[in-house]
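**Student:** My questions all concern the structure below.
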Amino acid sequence: MDFNYVAMDFGGHGLSSHYSPGFPYHYQNFVSEVRRVAAGEQETQPFSCIFPEMVDKLILLESLPFVLDTNEMDNLLTYKRRAIEHVLQVEASRKPEQVVSPEEMLQRLLKKNSHAGEECGKHLLQRGTTQVATALAARTQGPWRTELCLHPPPLATGGAESTSLCFLPGVWLNRDRRITWAEHCLDFVSRELFMHYIKNLQARVLLVKATEGYYALRREDDADKETVMFVVSSLKSVLKERFQYFEVPGNHYIHMNQPQQVARVISSFLQNKEGTPASL
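Okay, structure coming up:
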């Protein structure tokens, strides 16, 4: 059985354009983009609840249906305030995009995402960065000076001093800096609202979790697995035979580091008319 797979870059991500100044990123915007184009990752979950008749099967890979904040309900309004202030602060800074070499960008990514292998990092940067022409300028008189810049520096027009140019590849990040932190655009929900949402699901749901994956939006909270267990037990209780939960060995980037680990589970789920993966 053949399937067509469609991948989306949401606004401010990958190769998609950024929102105009003054328009912050909201979770609901991404749901609207799914409705306009296709289904994609985190935003397919609320989409499946808002437009349940349009989704037959929902696959959650290292992802939960909604972002739950079960321990800090009193701070929900504080999060919304921080999100607005963050957008205004970034827009006011007018900080130019930083251009670095492809290798330096890769090393920065791997440093911040220790679970991602080098090949995985290269794949992420294919759509996550844009190549630009940079100039390495060397002044031939006086102290040598090198400068990496987006536009070539002006050539010397006279005197003994001259400048030679060597053009090198450089890259900058495509992601809009206003959504650097996920918590500034994601909507946190309570357990009660989560239960109300999933009761509207009509799709069969497959949740694939990596044994060494992420268990919370903030890395410092990963040791607490209670929220994930609550989500799994709730989905089982509400969806019954329409919900399947699988654990695979690996970390958060298992689908890129070892895609075969999850491909067989997902393929079985899609090919099975009842939506239940065969025993592996």
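When we follow UniProt numbering, the leftmost residue of the sequence shown carries the number 1, and every step to the right adds one. By construction, the Cβ of each residue, glycine as well, lies at the ideal position given by its N, Cα and C atoms. Owing to the predicted nature of the structure, the values given are computational and were not obtained by experimental measurement.
Count the other CB atoms, across all protein chains shown, that sit within 10 Å of the CB of F23; report buried if there are 16 or more and exposed otherwise.
**Tutor:** A residue is called buried when at least 16 other Cβ atoms come within 10 angstroms of its Cβ; F23 does not meet this threshold and is exposed.
**Student:** Tell me which residue opens and which closes the alpha helix (DSSP H) that N257 is part of.
**Tutor:** From DSSP, the alpha helix (DSSP H) with N257 extends over I254 to N257.
**Student:** Alpha carbon to alpha carbon, how far is Q42 from V87?
**Tutor:** Below a pLDDT of 50, predicted positions are generally treated as unreliable, and Q42, at 49, falls in that range; the measurement from the model is reported next regardless. Straight-line measurement puts the Cα of V87 at about 21 Å from the Cα of Q42.
**Student:** Give me the Cα-Cα distance between G12 and P21, rounded to the nearest whole angstrom.
**Tutor:** 12 Å
**Student:** Does DSSP put N251 in a helix, a strand or coil?
**Tutor:** Strand at N251.
**Student:** Under 8 Å, do V208 and V171 count as touching if we go by C-beta distance?
**Tutor:** Against a cut-off of 8 Å, the Cβ pair of V171 and V208 comes out as no contact.
**Student:** Could you give the distance in angstroms between the alpha-carbon of E192 and the alpha-carbon of K199?
**Tutor:** 11 Å
**Student:** From this set, F188, S268, H252 and S267, which residue's C-alpha is nearest C120's C-alpha?
**Tutor:** H252
**Student:** By the three-class DSSP mapping on this structure, what secondary structure does L193 have?
**Tutor:** helix
**Student:** DSSP state of L106, grouped into three classes?
**Tutor:** helix
**Student:** Could you check what DSSP says for A263 in three-state terms: helix, strand or coil?
**Tutor:** helix
**Student:** From the beta carbon of A83, is the nearest beta carbon of chain C less than 8 Å away?
**Tutor:** The structure shown contains no chain C, having only a single protein chain.
**Student:** Quick one: Cα of I266 to Cα of K95, how far?
**Tutor:** K95 has its alpha-carbon roughly 42 Å from the corresponding atom of I266.
**Student:** Can you tell me whether F3 is buried or exposed, with buried defined as 16 or more other CB within 10 angstroms of its CB?
**Tutor:** exposed
**Student:** Let me make sure I understand the geometry here. Which of N257, S237 and V232 has the alpha-carbon closest to that of Y245?
**Tutor:** V232
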